[in-house]
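Student: Take this structure first; my questions come after.
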Amino acid sequence: MALSKNDIAKRIAQELRSGYYVNLGIGIPTLVANHIPKNIAIEFQSENGILGMGPFPKEGSEDADLINAGKQTITALPGASFFDSALSFGMIRGRHIDLTVLGAMEVSETGDIANWKIPGKLVKGMGGAMDLVSSAENIIVAMMHTDPKGASKLKTKCSLPLTGVKCVKRIVTNLAVIDIVAEGFLLKERAPDVTLEEIKEATEGNLIIPAEVPVVKL
Amino acid sequence: MALSKNDIAKRIAQELRSGYYVNLGIGIPTLVANHIPKNIAIEFQSENGILGMGPFPKEGSEDADLINAGKQTITALPGASFFDSALSFGMIRGRHIDLTVLGAMEVSETGDIANWKIPGKLVKGMGGAMDLVSSAENIIVAMMHTDPKGASKLKTKCSLPLTGVKCVKRIVTNLAVIDIVAEGFLLKERAPDVTLEEIKEATEGNLIIPAEVPVVKL
Amino acid sequence: MIRKKVDTVTQALEGIQSGMTIMLGGFGLCGIPENLISALAQSSHKNFTCISANVGVDDFGLGLLFNQKKIKTMIGSYVGENEEFERQMLSKEIDVILTPMGTLAEKCRAAKVGIPAFFTPAGFGTEVAEGKEIRAFNGKQYLLETAYQADFSLVKAWKGDETGNLIFKGTARNFNPLMCGAATITVAEVEELVPPGALDPNEIHTPGIFVDRIFQGEQYEKRIERRTVKYP
Amino acid sequence: MIRKKVDTVTQALEGIQSGMTIMLGGFGLCGIPENLISALAQSSHKNFTCISANVGVDDFGLGLLFNQKKIKTMIGSYVGENEEFERQMLSKEIDVILTPMGTLAEKCRAAKVGIPAFFTPAGFGTEVAEGKEIRAFNGKQYLLETAYQADFSLVKAWKGDETGNLIFKGTARNFNPLMCGAATITVAEVEELVPPGALDPNEIHTPGIFVDRIFQGEQYEKRIERRTVKYP
Chain A
5 MALSKNDIAK RIAQELRSGY YVNLGIGIPT LVANHIPKNI AIEFQSENGI
55 LGMGPFPKEG SEDADLINAG KQTITALPGA SFFDSALSFG MIRGRHIDLT
105 VLGAMEVSET GDIANWKIPG KLVKGMGGAM DLVSSAENII VAMMHTDPKG
155 ASKLKTKCSL PLTGVKCVKR IVTNLAVIDI VAEGFLLKER APDVTLEEIK
205 EATEGNLIIP AEVPVVKL
Chain B
5 MALSKNDIAK RIAQELRSGY YVNLGIGIPT LVANHIPKNI AIEFQSENGI
55 LGMGPFPKEG SEDADLINAG KQTITALPGA SFFDSALSFG MIRGRHIDLT
105 VLGAMEVSET GDIANWKIPG KLVKGMGGAM DLVSSAENII VAMMHTDPKG
155 ASKLKTKCSL PLTGVKCVKR IVTNLAVIDI VAEGFLLKER APDVTLEEIK
205 EATEGNLIIP AEVPVVKL
Chain C
101 MIRKKVDTVT QALEGIQSGM TIMLGGFGLC GIPENLISAL AQSSHKNFTC
151 ISANVGVDDF GLGLLFNQKK IKTMIGSYVG ENEEFERQML SKEIDVILTP
201 MGTLAEKCRA AKVGIPAFFT PAGFGTEVAE GKEIRAFNGK QYLLETAYQA
251 DFSLVKAWKG DETGNLIFKG TARNFNPLMC GAATITVAEV EELVPPGALD
301 PNEIHTPGIF VDRIFQGEQY EKRIERRTVK YP
Chain D
101 MIRKKVDTVT QALEGIQSGM TIMLGGFGLC GIPENLISAL AQSSHKNFTC
151 ISANVGVDDF GLGLLFNQKK IKTMIGSYVG ENEEFERQML SKEIDVILTP
201 MGTLAEKCRA AKVGIPAFFT PAGFGTEVAE GKEIRAFNGK QYLLETAYQA
251 DFSLVKAWKG DETGNLIFKG TARNFNPLMC GAATITVAEV EELVPPGALD
301 PNEIHTPGIF VDRIFQGEQY EKRIERRTVK YP
C-alpha cells in the first residue's frame, strides 16, 4: 500500500530533531507540521518573515498582518519573532535553518531539483525556492514518485529547468524513502506492500537496492 | 586675524541647510553643533548607531548605553532612532548623509585626504573615516591651514597615507575658505585681516586667487 | 528635527513620471502600500518598471496597476494569483523578470546601503545564472548580483512619526524596510502617524533618514488573500 | 520552542580553544560582553584572533585580554585608548589588521547572512585596497571584501529570552546584532533574561536562531569611557 500524502509528511516528521529550525514548503511539506513528535522542540520559519510560526488561527482571530509564505493566515507562538525579508533569507543563505522540506517536479540522481518551471506552461516564479535549495545543508523532498501520467519524477537527469544543483539529500515519496548518494538513488525504505520491482519500475534514475530494505514505519 | 577653531566651526555651520542629515567628525567638526542657525531643521548622525543625536546630558543623567562615535555620553532628541553598525554605515555608504565634516592632516589639490596614519608614529586606525570619505557627496574639511611646525596642510599631493581620493569639496581653515576645483585650490573667502600673500605662503598646492576674495562673515 | 509629513497622496507621489522604475513593498497582499497603489492606478502616468515580490490579485494590490496597463516591465519573484497579469505576460504586453526572492531582498538592501554588488548562491546552475559572473568561495559557487536602481520606493508601515521613522507590524514588514532608501525618493504610508518623540527610538525599524515623504493612509482594506483557520 | 539558556559563563564558553577566531561586540566600552570577556581572560586558552571594532581600555573590555596576553591577532578599526595594546603592537607581539569600520560591520553581516563577498567603496585608493580586487560600477570604484570566518561570537544585549531572542539598548546595539550568527557558535549575555513570550515579537532585534547560548550576566559595570556633561 503506497503512502498517502499525509503518510509522507508523517514519515518526514521522523527526521525532526530537537533544536531544529525548519522551513516547510507549500503542499505535502506543510502537512509535516501536523506530525511533530512529542517532546521535540522545534521552530518553524516562514521566509516572508516569521520564526516561531504557530498553527492557523481560530476563526475570528485572523490577522491580515500575520501570514505564512503560502499567504495563509497563521499565528505566532511564544518566543516568535518578526523580521524583514533580507534577514529572513539571511537565515536561509547563512545556513541557520536545520531542515528544509519542499516539493519537486523532478529530482535527479545527482541531487538536482526542478520545481519551478514547465516550459510552455504558465510560469509562476521561483519565489524563495532557489535561495532555499542553494543554501540548505539538509534538504528533504516530499513528492509523489511519479507524475499524474505515470512518468518517474526520479530522473537520471532533470528534463525541466533546474531550481538548484546537487542539493537534495533525501526523497520521501508515496513508494519509498531514498537517499542521494554518489552512485545515485539509494533505496532506504519502502512503503508497506510495495515491491522492490514496483519501485524500480517507477524510478528512471539509477536505483541502488541494498540487500535489506525495511518497510517504512509510521 | 586668523579664525579660531570655534570660528571655523561657526563658518562651517553656515553650510547647513534645512533637511540636512549631518555627520560631524571628532575635533573642530564637533564644535559645529554649537552654531546651528535658528530655524534650520537638521539631524546629527553618529556612526556608532544614532540618528537625532542631542547635546551632552546634564550631570547625573549620563547613560553608559548612549554615546557618540567619540565615546562621549550624549542624549537623544525627539524623533531619534538607534540602529546597528551595518545600517549606520549603510546610511553613509548609501549617500543618505547630506553633509560630512571632518578633520584632516593633509588635503591635496585634487581633493585627496589623509587623516588617519603617520608612518613611524602610533597608528590608531581609520575608524569610520574611510567609509565616510569614500561615500559622502558633500565633504567639508575643518582644519588648521598649517601643522604645528608651520608646514602647509594643503598639498600638491598628500605625503601621508591616504584616507580617500578625490572626495573633499571644501576646506575651512583658520586662514581661508577654499573649494577644490579641477585646477586646484580655489580661494573663496579669507579670514579677517589675513592677506592673500599669507594664504598663498601657507598653501603648498596650486592656489587659485580670483579677483575678488571676500572676507569670511561670522 | 527634519519633518517628512505630506498631507495628501497626491503630494506623496509628486514627481512620478511615466517610464520610471518603482519599488513596491509587500508580500502577497500583506504590507502593501494600498493608498499609493490606488493613486498610481488613477494617475495619468504609465510604462512603469515595477520591482515587487509579487503581483497582487486581479482586483487588489498590484493588480490595480495591471488592470490600468500601467506596468511595462515587472521584476518580481512569485507571480501567481493574478489572471490579468498572466494574460499580459502570455500576450507579451509586458516583460517579466523573475528573481529568487532572497536575491530580490538583498538587491533592494544593497541599493539602500550603497553596496553595488554582492555574491549569492541562489540560482547557481539554473537559468538565473545565465550571463552572470560565477565565482567560487570556499569551494561553493556563487553568482554576482547587482543593486537595483529605482526612482521611487512606495512602502507601507504600521506606525510612523513625522520625521519618517517607521515601525512595521508582524509579517507586513517583509520587503518594506529594504526598499526604504533604495530609490531616489521613498514614500511611506502608515496606518497611524504620530508626532516626533511618540515612538521609542529603540523600537524603530526604519530610521527616518531613509524616508523622504510620509502620510497617513486614508483607509486600509488589508485584505486577506487566504483566510485559513483552525477547525475546532 | 528551542531553548538556548545556559546557567554559567563557563557553560557559555564551552568549546573555546586556543587559536580560535572570536568576534566580540561593542563600540568602545559600550555594549561589550563584560562577563564573557572576564571569563575568557581567566581561562587557560590563548592565541586568539579577535574581531572587534575597538580594543578596550587598559583595565577594562578587551584590555583584560591584552593584559593576559590572550590575543595574537587583532582585527579592528580604531585601536586607540589602550596602552598595553599599543605596547604589544609596537613590540610586534601581536599582529594588527585595521579595517574601515563600515567594512568591518558589513563583513560580519555577510558572514551572518551567507554572502561570501561584496563590493564597497571604503578604502579605494588607500593601502586598505592593496591586494584586493577593484571594480567600477556606474563610474565609481569599489573593493571586493569577503565575509569573516569565526569560531565564536560573544555579544551582549539588554534583554533576551530563553529562546535566544535579543533586544539591545541605545547605542549599545552597534556590532552586536551583526555578530550574532556570524560565527560557528554565538554566545549572548544579557542584563535581563526573560521567559519566552515575554518579549514582543515585533520588537526583537535579533531572532533566537542566530544565538546558540544565552545567559544573564552576573553583574555589569557598564563603565563610561568619556563622561561628558552639559555645563549648566
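The listed protein sequences derive, respectively, from chains A, B, C and D. Its first residue numbered 5, the first sequence is counted upward by one per residue in the working numbering. Its first residue numbered 5, the second sequence is counted upward by one per residue in the working numbering. Its first residue numbered 101, the third sequence is counted upward by one per residue in the working numbering. Its first residue numbered 101, the fourth sequence is counted upward by one per residue in the working numbering. For glycine and all other residues, C-beta sits at the position ideal for the given N, C-alpha and C.
Report the residue from B/Ser50, B/Arg99 and B/Val111 whose alpha carbon sits nearest the alpha carbon of C/Thr284.
Tutor: Sequence index remark: in the third sequence, residue 284 of chain C carries index 184 (1-based). Ranking B/Ser50, B/Arg99 and B/Val111 by Cα distance to C/Thr284 puts B/Arg99 first.
Student: Taking a Cβ distance cut-off of 7 Å, strictly less, list which residues of the segment 147-173 of chain C are near chain D, in chain order.
Tutor: Under the 7 Å Cβ criterion, the segment 147-173 of chain C contributes no residue.
Student: Round the Cβ separation of A/Phe48 and D/Pro301 to the nearest angstrom and send it over; I've been treating them as touching at under 8 Å.
Tutor: Taking the first sequence and counting its residues from 1, the one referred to as residue 48 of chain A is at position 44. Taking the fourth sequence and counting its residues from 1, the one referred to as residue 301 of chain D is at position 201. About 14 Å; that fails the 8 Å criterion.
Student: Quick one: give me the first and last residue of the beta strand (DSSP E) that D/Thr220 is part of.
Tutor: Reading the fourth sequence from its first residue, position 120 is the one you call residue 220 of chain D. Its beta strand (DSSP E) spans residues Ala217 to Thr220.
Student: Checking contacts by CB at 8 Å: is D/Met101 closer than that to chain A?
Tutor: Position 1 of the fourth sequence, counted from the first residue, corresponds to residue 101 of chain D. Interface residue, yes.
Student: Taking the beta strand (DSSP E) that B/Val176 belongs to, which residues open and close that run?
Tutor: Taking the second sequence and counting its residues from 1, the one referred to as residue 176 of chain B is at position 172. From DSSP, the beta strand (DSSP E) with B/Val176 extends over Arg174 to Val176.
Student: For C/Gly126, which three-state DSSP category applies?
Tutor: If you number the third sequence from 1, residue 126 of chain C lands on position 26. Three-state DSSP puts C/Gly126 in coil, outside helix and strand.
Student: What residues from the segment 22-40 of chain A come within 7 Å of chain C, judged by C-beta to C-beta, listed N to C?
Tutor: Residues passing the 7 Å Cβ filter: none.
Student: Of all Cβ atoms in chain D, is any one closer than 8 Å to the Cβ of A/Ile184?
Tutor: Sequence index remark: in the first sequence, residue 184 of chain A carries index 180 (1-based). Cβ-Cβ to chain D under 8 Å: no for A/Ile184.
Student: Consult DSSP for C/Arg326 and reduce its assignment to one of helix, strand or coil.
Tutor: Locating residue 326 of chain C in the third sequence gives position 226, counting from the first residue. Strand, per DSSP.
Student: Using a Cβ-Cβ distance cut-off of 8 Å, determine whether A/Met95 contacts chain D.
Tutor: Translated into the one-based positions of the first sequence, residue 95 of chain A becomes position 91. Yes, contact with chain D.
Student: Evaluate A/Ala17 with the Cβ neighbour count: other Cβ atoms within 10 Å of its Cβ, from every protein chain shown; 16 or more gives buried, anything less gives exposed.
Tutor: Mapped onto the first sequence, residue 17 of chain A falls at position 13. The residue in question, A/Ala17, is buried, as its Cβ has 16 or more Cβ neighbours within 10 Å.
Student: Checking 8 Å against the spacing of the C-beta atoms, do A/Gly168 and A/Met134 come in under that value?
Tutor: As a position in the first sequence, residue 168 of chain A is number 164, starting the count at 1. As a position in the first sequence, residue 134 of chain A is number 130, starting the count at 1. Taking 8 Å as the Cβ cut-off, A/Gly168 and A/Met134 qualify as a contacting pair.
Student: Alpha carbon to alpha carbon, how far is C/Glu227 from C/Ile122?
Tutor: Within the third sequence, numbered from 1, the residue matching residue 227 of chain C stands at position 127. Within the third sequence, numbered from 1, the residue matching residue 122 of chain C stands at position 22. Spanning the two alpha carbons is a distance of roughly 25 Å.
Student: For B/Ser22, count neighbouring Cβ atoms within 10 angstroms of its own Cβ and tell me buried if that reaches 16, exposed if not.
Tutor: Here residue 22 of chain B is taken as the residue at index 18 of the second sequence, counted from 1. Flag for B/Ser22 reads exposed.
Student: How big is the Cα-Cα spacing for B/Gly129 and D/Gly161?
Tutor: On the second sequence, residue 129 of chain B is found 125 positions in, with the first residue counted as 1. On the fourth sequence, residue 161 of chain D is found 61 positions in, with the first residue counted as 1. Their backbone Cα atoms lie some 18 Å apart in a straight line.
Student: Taking the runs of the beta strand (DSSP E) that are 3 residues or longer, which of them lie wholly in the segment 88-113 of chain A?
Tutor: 103-106 and 110-112, all fully within the segment 88-113 of chain A.
Student: Pick helix, strand or coil for C/Gln111, following the three-state DSSP scheme.
Tutor: The sequence position of residue 111 of chain C within the third sequence is 11, counting from 1. In this structure, C/Gln111 counts as helix in the three-state DSSP scheme.
Student: Rounded to whole angstroms, what is the Cα-Cα separation between C/Arg187 and C/Gly180?
Tutor: Looking up residue 187 of chain C in the third sequence gives position 87. Looking up residue 180 of chain C in the third sequence gives position 80. For C/Arg187 and C/Gly180, the distance between alpha carbons rounds to 12 Å.
Student: Count the other C-beta atoms from every protein chain shown that fall within 10 angstroms of the C-beta of D/Thr271, then say buried if there are 16 or more, exposed otherwise.
Tutor: By 1-based counting over the fourth sequence, the position of residue 271 of chain D is 171. Buried.
Student: Quick one: which chain B residues come within Cβ less than 7 Å of D/Gly270?
Tutor: On the fourth sequence, residue 270 of chain D is found 170 positions in, with the first residue counted as 1. Ordered by position in chain B, the residues that pass the 7 Å Cβ test against D/Gly270 are Asp67, Asp69, Leu70 and Phe86.
Student: Closer than 8 Å is the cut-off here; do at least three beta carbon pairs connect the segment 74-94 of chain A with the segment 126-141 of chain D?
Tutor: Because the criterion of three Cβ pairs below 8 Å is not met, the segment 74-94 of chain A and the segment 126-141 of chain D do not touch.
Student: Does the distance from the CB of A/Asp88 to the CB of C/Arg273 come in under 8 Å?
Tutor: Mapped onto the first sequence, residue 88 of chain A falls at position 84. Mapped onto the third sequence, residue 273 of chain C falls at position 173. Cβ atoms of A/Asp88 and C/Arg273: closer than 8 Å.
Student: With a cut-off of 8 Å, do at least 3 Cβ pairs link the segment 205-218 of chain C to the segment 98-115 of chain B?
Tutor: Touching, yes, given that three or more Cβ pairs across the two stretches are closer than 8 Å.
Student: Count the other C-beta atoms from every protein chain shown that fall within 10 angstroms of the C-beta of D/Tyr331, then say buried if there are 16 or more, exposed otherwise.
Tutor: Here residue 331 of chain D refers to the residue found at position 231 when the fourth sequence is read from its first residue. When all chains shown are included, D/Tyr331 counts as exposed.
Student: Using C-beta distances below 7 Å, list every residue in its chain close to D/Asn182, excluding the 5 sequence neighbours before and after it, in chain order.
Tutor: Locating residue 182 of chain D in the fourth sequence gives position 82, where the first residue counts as 1. Contacts found: Val155, Gly156, Val157, Asp158, Gly163 and Phe166.
Student: Spell out whether any CB of chain D is found under 8 Å from the CB atom of A/Pro59.
Tutor: Here residue 59 of chain A corresponds to residue number 55 of the first sequence, with the count starting at 1. So no, A/Pro59 is outside the interface.
Student: Starting from A/Arg52, find everything on chain C with Cβ-Cβ shorter than 7 Å and list it in chain order.
Tutor: Here residue 52 of chain A refers to the residue found at position 48 of the first sequence. Checking the displayed sequence, the identity of residue 52 of chain A turns out to be Asn instead of Arg. The contacting residues are Phe127, Thr271 and Asn274.
Student: With hydrogens ignored, establish whether the beta-carbon of A/Gly209 is closer than 7 Å to any heavy atom of the ligand GDP.
Tutor: With respect to the ligand GDP, the structure offers nothing, as it holds no ligand at all.
Student: Report the residues of the segment 174-201 of chain D with a CB closer than 9 Å to any CB of chain B, ordered along the chain.
Tutor: Those would be Gly176, Ser177, Tyr178, Val179, Gly180, Glu181, Glu186, Met189, Leu190, Val196, Leu198, Thr199, Pro200 and Met201, in chain order.
Student: For the segment 286-300 of chain C and the segment 225-241 of chain C, state whether three or more C-beta atom pairs, one from each stretch, are separated by less than 8 Å.
Tutor: In short, these stretches do not touch, since the Cβ pair count stays below three.
Student: Give the range of the beta strand (DSSP E) segment to which C/Gln188 is assigned.
Tutor: The sequence position of residue 188 of chain C within the third sequence is 88, counting from 1. Careful: C/Gln188 lies outside any beta strand (DSSP E), inside the alpha helix (DSSP H) at Glu183 to Leu190.
Student: As a quick exercise: from B/Ile117, B/Glu187 and B/Val145, pick the residue whose alpha carbon is nearest that of B/Leu166.
Tutor: Mapped onto the second sequence, residue 166 of chain B falls at position 162. The option with the nearest alpha carbon to B/Leu166 is B/Ile117.
Student: Let me make sure I understand the geometry here. Which of C/Ala153, C/Met174, C/Glu262 and C/Gly119 has the alpha-carbon closest to that of C/His145?
Tutor: Position 45 of the third sequence holds residue 145 of chain C. When only C-alpha atoms are compared, the closest one is C/Gly119.
Student: Report the rounded CA-to-CA distance for C/Pro221 versus A/Gly132, giving the unit in angstroms.
Tutor: As a first step, residue 221 of chain C must be located in the third sequence, where it is residue number 121. As a first step, residue 132 of chain A must be located in the first sequence, where it is residue number 128. Straight-line Cα distance between these residues: approximately 12 Å.
Student: Since D/Arg326 contacts B/Lys75 with CB under 8 Å, what's their CB separation in whole angstroms?
Tutor: Here residue 326 of chain D is taken as the residue at index 226 of the fourth sequence, counted from 1. Here residue 75 of chain B is taken as the residue at index 71 of the second sequence, counted from 1. With 8 Å as the limit, D/Arg326 and B/Lys75 qualify as a contact, their Cβ atoms being about 5 Å apart.
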